[in-house]
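Numbering (my numbering), first residue to last: 250 to 797. Ideal Cβ positions, reconstructed from N, Cα and C, are used throughout, including at glycine. Being a predicted model, the structure only gives us computed values, none of them experimental.
Written out as structure tokens, the structure reads:
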């Protein structure tokens, strides 16, 4: 079994690993530290931290009682202990215990000082994440870059993807959008060459790349990245990654293309998902804004400021309680956004600009968070303009434009088209960043002409008959349909046929005697070959094919 362990991990067959491990009795498993670490990793991917702790304890107990074991080399012992401790640090980091995470991180560095070890990339990655959470974006980037280089050298796909996902977001916030796109595209080719894009955390790369494409106004590529993201989510994807990668990315894509009703529905689905998994996205350690705040910001675009005022008042009370109680390492990245929300609430109430916007903007610039610095000037510009304080609005808009022009932020400025369009026209008349403003106005015009039909595959379709009617109207669809269906393998046709009978994934797995993950892989292949993203669309194509 020990010989089986590295090959299974290297080819990333997580479903096979899980099936094998579930067949091993617990009393035997505790004598196999390699498999204990795998069990811990699998439970970590499901956010089942109590089980991760249990298997980590098995590993430490094994080596405490058997310090010298001829069957396990020194390098293997170091790898297992180091891997176990890294998982502990990750759990602490994402469970609101930054002090504990920092202590574990330091202990690992002191205990395992061999910089040439293959797991060193994870140590550097952890340090970079801590810097990101502390909003030290400029400092985090070189650490992410070092971790990425070491992970690629070790061909550690999990670390490459984890590091790349965070690094791309760091580059976005730092105003290096083009560099981020190039880095992502290059590394996706590298990962694909090694067949590593099926790893459970691969959705994080596509999520980050979608945001970068969106900022660069490459809308088609942004939506295509989101489609790849959906295809990469599987049974071993961490629920928190689904929350951030799937729902938050989708929300930003929808709001940026003016699909506000769908954006509201997306937030409702996100809330349902959070309740399903019992995850509290409002926890202090999360770097993302909660659904209530996102919903309030969306309402503000439509002139309803009441939800945001309520949230601002709540955050004032929360932050007053944190002054003395908050441990070191608190999520400064999110805290600065909350300060912006409070300042926005005060501005709406009093129509008087406060220094908080400038303070947060300056701190963000010093930390390398360029996107937030722009937002700190953009929000008061929009609020003041809606309150008819045009001159004050232009003063803040001028600052936002200056930073955006330097770093070529596009979507961040034009996302809220209704308010921004008249501000851009005013800025153009007063010769404020004229070339950049003209470019943004042209971009808005192009975006308004963007054809949503291209991305109807992404939308939820509720009636098969309606799809079939649309399909029949296409003169050339029959030949196209024939080729798509013929591209399916016999097993894929079998799976699709069972779906057409109303079978659920578990029922299909039982009937075909295959794992649930294998069923989902077949579904992903079917969706890709038929160029759809839902069962309903796939069944519609199958039914039309059978009729013709």
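As a quick exercise: from 681, 689 and 745, pick the residue whose alpha carbon is nearest that of residue 658. Of the candidates 681, 689 and 745, the one whose C-alpha sits nearest the C-alpha of residue 658 is 689.
Quick check: the Cα distance between residue 327 and residue 454, rounded to an integer number of angstroms? Going by the C-alpha atoms only, they are around 30 Å apart.
On a CA-only basis, which of 394, 419, 420 and 421 is nearest residue 408? Give me that one, please. Of the candidates 394, 419, 420 and 421, the one whose C-alpha sits nearest the C-alpha of residue 408 is 394.
Buried or exposed: residue 602, going by 16 or more other Cβ atoms within 10 Å of its Cβ? Buried: at least 16 other Cβ atoms inside 10 Å.
Count the other CB atoms within 10 Å of the CB of residue 738; is the residue buried (16 or more) or exposed (fewer)? The residue is exposed, with fewer than 16 neighbouring Cβ atoms inside 10 Å.
Could you tell me how far apart the beta carbons of residue 337 and residue 305 are, in whole angstroms, since I believe they sit closer than 8 Å? So it is a contact: roughly 6 Å between Cβ atoms.
Residue 739 lies in the alpha helix (DSSP H); which residues open and close that run? Segment 739-749, the alpha helix (DSSP H) holding residue 739.
Counting only beta-carbon atoms, is residue 771 nearer than 8 Å to chain B? This model lacks chain B altogether; it includes just one protein chain.
Three or more beta-carbon pairs under 8 Å between the region 378-386 and the region 419-429, yes or no? Touching, yes, given that three or more Cβ pairs across the two stretches are closer than 8 Å.
Does the region 450-466 come close enough to the region 609-616 that 3 or more CB-CB pairs lie under 8 Å? Here the region 609-616 makes no contact with the region 450-466; the two share fewer than three CB pairs at distances below 8 Å.
According to DSSP, is residue 580 part of a helix, a strand, or is it coil? Three-state result, residue 580: coil.
Compute the Euclidean distance between the alpha carbons of residue 729 and residue 791, then round it to the nearest angstrom. Note that residue 729 scores a pLDDT of 46, beneath 50, so its modelled location is shaky; the value from the coordinates is reported in the next line. Cα to Cα, the separation comes out at about 12 Å.
According to the Cβ coordinates, are residue 465 and residue 430 closer than 8 Å? Contact flag set, yes.
Cβ distance (whole Å) where residue 794 is taken to contact residue 734 below 8 Å: The Cβ separation is near 5 Å, so the contact holds.
Decide yes or no for the touch test of the region 432-445 against the region 484-497: beta carbon pairs closer than 8 Å, at least 3 of them. At 8 Å Cβ cutoff, the stretches do not touch.
Could you check how far apart the C-beta atoms of residue 622 and residue 634 are, in whole angstroms? I think they sit under 8 Å. Their Cβ separation, rounded to whole angstroms, is 19 Å, which puts residue 622 and residue 634 out of contact at 8 Å.
What are the start and end residues of the alpha helix (DSSP H) that includes residue 342? For residue 342, the enclosing alpha helix (DSSP H) covers residues 323-342.
Backbone CA spacing between residue 498 and residue 504 [nearest angstrom]: Their backbone Cα atoms lie some 10 Å apart in a straight line.
Rounded to whole angstroms, what's the CA-CA distance from residue 297 to residue 668? Just pull it up for me. Cα to Cα, residue 297 sits roughly 44 Å from residue 668.
State the CB to CB distance for the pair residue 519 and residue 496, rounded to an integer number of angstroms; the pair is presumed to be in contact (CB under 8 Å). So it is a contact: roughly 4 Å between Cβ atoms.
Member of 631, 757, 604 and 279 whose CA lies at the smallest distance from the CA of residue 311: The residue with the shortest Cα to Cα distance from residue 311 is 279.
Within the region 464-535, ranges of the alpha helix (DSSP H) (whole runs, at least 4 residues): Within the region 464-535, the complete alpha helix (DSSP H) runs of at least 4 residues are 468-481, 498-505 and 509-526.
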